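> Okay, here's the structure, questions in a sec.
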Amino acid sequence: MSTLHVISHSPFGDNRLSSCLRLLGSEDGLLLCGDAVYALQPGSAPLASLQASNLQGRLFALEEDLQARAIGTDDNIRAIDYPAFVALSLDYDKVNSWL
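Written out as structure tokens, the structure reads:
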């Protein structure tokens with residue numbers, strides 16, 4: 001059963017991102033939104049963890065939050081808008097928000 005994991009908290013304030021990465025299955029996706037997009041800052045430890053997690057094609061970030069924080073993405077991260085987020089949530093069996 002595939003799960004879309006949604007994280008909105010900064011990876012520098014707690015361990016939600018690292019806990020999520022430990023639990024991700026091979027069919028699961030990860031969406032970063034809100035302050036969680038800070039994990040994509042070049043040279044950061046959270047970005048290194050994401051890159052090591054082999055999430056090609058399954059790592060997403062809300063475009064609006066990336067723009068608000070002036071954070072760019074590379075080819076391994078798909079920036080999506082809110083309508084695409086809704087569509088993405090339908091592609092997975094369930095959605096888990098890490099509150």
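Just so we're aligned, residue 1 is where the sequence shown starts under the UniProt record's numbering, counting upward by one. Cβ coordinates follow ideal geometry from the N, Cα and C atoms, glycine included. A quick note: this is a predicted structure, and the numbers were derived from the prediction, not measured.
(1) State the Cα-Cα distance for the pair L30 and P83, rounded to the nearest angstrom.
(2) Across which residues does DSSP place V95 in a beta bridge pair?
(3) Taking Cβ positions, are Y92 and L24 nearer each other than 7 Å?
(4) Might you give, ordered along the chain, the residues of its own chain that have their beta carbon closer than 6 Å to the beta carbon of S53, omitting 5 neighbours on each side?
(5) Using a threshold of 7 Å, state whether the C-beta atoms of residue 142 and A45 are closer than that.
(6) Are the CB atoms of L66 and A87 within a distance shorter than 7 Å?
(7) Could you tell me the boundaries of the alpha helix (DSSP H) in which L62 lies?
(8) Tell me whether L99 is buried or exposed, calling it buried when 16 or more other Cβ atoms sit within 10 Å of its Cβ.
This is what the structure holds:
(1) 16 Å
(2) L4
(3) no
(4) L21
(5) For the chain, the structure presents residues 1 to 99; residue 142 sits outside this window and is missing.
(6) no
(7) L62 -> not in any alpha helix (DSSP H); beta strand (DSSP E) instead, spanning L59 to L62.
(8) exposed
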